[in-house]
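Asks:
In the numbering used here, the protein residues as written are 27 to 147.
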């Protein structure tokens, strides 16, 4: 959080850009943080949040979905790694009803319900 109730964009010497509203990370029409390395982060009222896509996009292709500051995605994995691994979250906890909550790129799988690891069905 900014030390004062800043509203607007700050551009740093490395080219990174950060948007604030009333001292909190926030931007309505794009990512609130654009890092020089290509990473982008969407914030609403100081919390990682994005309605229509991943809230964090890394330059290497990794993507993370957040809702109201918690990892969460209704229609797929909340984390997609560049190597193909995928992790499902609901309301900040590893969770998946219809399959493994973690699918590793090497084929391993782990099942979770409400943040608790469960035996393979």
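Every residue, glycine too, gets a C-beta built ideally from N, C-alpha and C. For clarity, every value in this text was computed on a predicted model and none was experimentally measured.
Could you give the residue range of the beta strand (DSSP E) that holds residue 34?
Replies: 34–37 is the span of the beta strand (DSSP E), which, as asked, contains residue 34.
Asks: Just verifying my parser: in three-state terms, what is the DSSP assignment at residue 27?
Replies: Because residue 27 carries a pLDDT of 47, less than 50, the predicted location of this residue cannot be relied on, and the following value inherits that uncertainty. Note: residue 27 maps to coil in three-state DSSP.
Asks: Is the beta carbon of residue 52 closer than 8 angstroms to that of residue 71?
Replies: Going by C-beta atoms, residue 71 is nearer than 8 angstroms to residue 52.
Asks: Reducing DSSP to helix, strand and coil, say where residue 91 ends up.
Replies: In this structure, residue 91 counts as coil in the three-state DSSP scheme.
Asks: Kindly provide the ranges of any beta strand (DSSP E) runs that are 3 or more residues long and lie completely inside the region 38–85, ordered along the chain.
Replies: Runs of the beta strand (DSSP E) inside the region 38–85: 43–47.
Asks: If you compare alpha carbons, which of 74, 85, 88 and 111 is closest to residue 98?
Replies: The shortest C-alpha separation from residue 98 is found at 74.
Asks: Consult DSSP for residue 142 and reduce its assignment to one of helix, strand or coil.
Replies: Here residue 142 sits in strand by DSSP.
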